[in-house]
Amino acid sequence: MKILSMTTATNHLSVAISEDNKLIAEKNEEDQRNHSEHLDPMISQILKDNNLTLNDIDRFAVAQGPGSYTGLRIGITTAKMFSSILNKELVGVSTLAALAQGVQADGVIVAELDARNKNFFAGIYVKENGEVKNLVEDGHYHLDELIKKAKQVASVHKLIFVGSDIDKYRQEISDLLGNDNFMQAKDVNQVSAKNIGLLALDAQPMDPDEMIPKYLRRTQAELDWHKKTGKAYGPDSDYVEEV
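In our numbering, the protein residues as written are 1 to 243.
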């Protein structure tokens with residue numbers, strides 16, 4: 001099975017082609033912040049470099065969230081369009097699971113993206129026989145809550161943080177843990193399309209029309225809508241005002 005995987009969830013743009021669990025090629029671009037302009041040309045180039053076309057792809061995979069609201073929409077819209085037009089399979093992959101997949105060291109993995117003000121998009125994982133397993137579901141956590149959950153599942157295992165640099169929180173994490181049994185992962189702190197492809201291999205395909213970003217917290221539009229109307233939060237369609 002040939003898989004074209006992509007991530008626009010962070011400032012790191014990544015596209016990869018794999019066949020089953022073997023990587024064919026990967027292209028990466030960091031900190032350009034214009035994924036909308038670069039994603040399609042990058043896809044075209046990686047296909048051309050490997051003498052492939054979109055029709056040769058069996059499954060499209062994309063980082064479904066969490067991440068940048070705008071970034072997620074770019075990647076998901078592109079993957080949905082390809083899947084729908086070409087009638088090919090579509091898979092959404094957790095951004096945090098993809099980060100965890102890249103870690104090779106032994107330990108309990110805290111995959112996280114800094115959401116500011118000591119808040120994180122995070123999930124806690126462990127790798128067993130090369131397979132990533134979720135121990136604490138992806139969510140939006142304050143640092144105190146995240147470390148509390150990590151202590152509950154880590155026991156004596158070393159905690160490995162992957163994603164955003166946690167150096168500025170090092171002393172606070174040490175105090176909350178009650179020890180220094182944690183580390184920052186090395187060289188794998190960007191979301192990689194090749195890891196999305198690996199996770200997508202055994203994932204369940206979904207209807208392109210039903211795929212939506214997993215933001216893991218309310219968008220500003222939702223918060224404004226709730227404040228304006230006083231209504232309870234509902235389906236996405238409720239936040240579109242008719243004109």
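Backbone N, C-alpha and C define an ideal beta-carbon position, used for all residues, glycine too.
Opening and closing residue of the beta strand (DSSP E) in which I3 lies: Counted from its first residue, the sequence shown places residue 3 at position 3. Element bounds for I3: K2 to T7.
First and last residue of the uninterrupted beta strand (DSSP E) at A100: Mapped onto the sequence shown, residue 100 falls at position 100. It is not in any beta strand (DSSP E) - A100 instead sits in the alpha helix (DSSP H) that spans T95 to Q101.
Of the residues H142, V153, N189 and D144, the one placed nearest D165, counting alpha carbons only: Counting from one through the sequence shown, the residue named residue 165 turns up at place 165. It is N189.
Which of helix, strand or coil DSSP assigns to G230: Taking the sequence shown and counting its residues from 1, the one referred to as residue 230 is at position 230. Here G230 sits in coil by DSSP.
Limits of the alpha helix (DSSP H) - the one that S18 falls within: As a working note, residue 18 is residue 18 in the sequence shown. Run containing S18: none in the alpha helix (DSSP H); it sits in the beta strand (DSSP E), H12 to E19.
Supposed close pair V132, P205 - CB separation, criterion 8 Å: To locate residue 132, count along the sequence shown from 1; it is residue 132. To locate residue 205, count along the sequence shown from 1; it is residue 205. About 19 Å; that fails the 8 Å criterion.
Length-filtered (3 minimum) beta strand (DSSP E) runs lying within the region 164–194: 182–184
Rounded C-alpha distance that separates I109 from Q32: Taking the sequence shown and counting its residues from 1, one reaches residue 109 at position 109. Taking the sequence shown and counting its residues from 1, one reaches residue 32 at position 32. Distance between the alpha carbons of I109 and Q32: 28 Å.
Check whether I85 and H35 have beta carbons under 7 Å apart: Taking the first residue of the sequence shown as 1, we reach residue 85 at position 85. Taking the first residue of the sequence shown as 1, we reach residue 35 at position 35. Taking 7 Å as the Cβ cut-off, I85 and H35 do not qualify as a contacting pair.
Residue environment, V15, which counts as buried when at least 16 other CB atoms sit within 10 Å: Locating residue 15 in the sequence shown gives position 15, counting from the first residue. By the neighbour-count rule (16 or more Cβ atoms within 10 Å), V15 is buried.
Own chain residues within Cβ distance below 8 Å of Y295, not counting five before or after: With the chain running from 1 to 243 in the structure shown, residue 295 is simply not present.
Best match in P213, G230 and R217 for proximity to A254 [C-alpha to C-alpha]: Nothing can be reported for residue 254: it is not among the residues displayed for the chain, which extend from 1 to 243.
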